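The structure under discussion appears below in the form of structure tokens.
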Amino acid sequence: MNDVQPNGEPKKIYLTKPTENQLPTTSNPVRKSLINHSGDPVRIPPRRYMPPADKNSEEYLTNHKNNATGTHGKNCIWLNWRRYKDELTSINVPLPVYRKMMIAMRNRNMVVTAQDCRRKINTCIHATSPLEKCSILPFRNITLEQVEQLRQENYFLAEQRDADIKCLHMEEANFKCFEEFIRTWTEQKEIELQRVKLMANQDAKSIENEENLNVEQQLKATIIAK
83 MNDVQPNGEP KKIYLTKPTE NQLPTTSNPV RKSLINHSGD PVRIPPRRYM PPADKNSEEY
143 LTNHKNNATG THGKNCIWLN WRRYKDELTS INVPLPVYRK MMIAMRNRNM VVTAQDCRRK
203 INTCIHATSP LEKCSILPFR NITLEQVEQL RQENYFLAEQ RDADIKCLHM EEANFKCFEE
263 FIRTWTEQKE IELQRVKLMA NQDAKSIENE ENLNVEQQLK ATIIAK
């Protein structure tokens, strides 16, 4: 028979009701509630298995702790974390530390325990951040007057930005119009230049024809005179 439920917990055991006029004989005194409700379920806690030989009891996560934390095989260590060490806040963000991290550190020949892993992560998180020094935003000791002043400055800068964007759009439209005018003007001038070239060619041809006619007439006149 299988004594384990599908969720991994052991099955609940129910005591059988005693027969009439027969109470459980025990050396210790029994309360009335147990006598009257002797058929209530008796819940047995899960077994606490012994850790393997290659693991310490500190690292080994028992079934009881698994059911309590719900991590199912992951060694969860909760840390209280703040963004900066001088930050005035009471918000604590939990950060889990999984066993895989410790295994990876051991694979690199590090002698690591849960406390060492927690200490290393704390030092990484609470290290001095360069953003804390070079940032211009007032993270601490901010008042409502400063917030209102920041809102007014932001509104003024937004209006100035909108005006600059509108002027930029107008300048861009004017530049496009000027570019279109220059394009049409150059096209017209090119057409006029081609027309002038054609007329010049025609005039040159007509002049050559006239000169040829004059030469022929002179030749005819000389021949007749002879």
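So in the working numbering, spot 169 of the sequence shown is number 251, and the numbers just go up one at a time. Beta carbons are placed, not taken as given, at the ideal position from N, Cα and C, and that holds for glycine. Every value quoted in this text rests on a predicted model; they were computed, and no experiment measured them.
Going by beta carbon distance, what residues of the same chain come within less than 7 Å of residue 297, once the five residues before and after it are set aside?
none
Which value, in whole angstroms, describes the spacing of the CA atoms of residue 303 and residue 277?
39 Å
Three-state secondary structure (DSSP) at residue 235?
helix
Tell me, please, which residues DSSP counts as bridged to residue 86.
92
For residue 251 and residue 279, what's the separation of their Cα atoms in angstroms?
42 Å
Between residue 86 and the rest of its own chain, which residues show a CB-CB distance below 8 Å, the 5 nearest in sequence each way excluded?
92 and 93
May I have the straight-line CA-CA distance separating residue 229 from residue 236, to the nearest angstrom?
10 Å
For residue 185, name the three-state secondary structure that DSSP assigns.
Assignment of residue 185 by DSSP, reduced to helix, strand and coil, places it in the helix class.
Measuring straight from C-alpha to C-alpha, what distance separates residue 257 and residue 246?
Rounded to whole angstroms, residue 257 and residue 246 show a C-alpha spacing of 16 Å.
Roughly how many angstroms separate the alpha carbons of residue 265 and residue 259, rounded to a whole number?
10 Å
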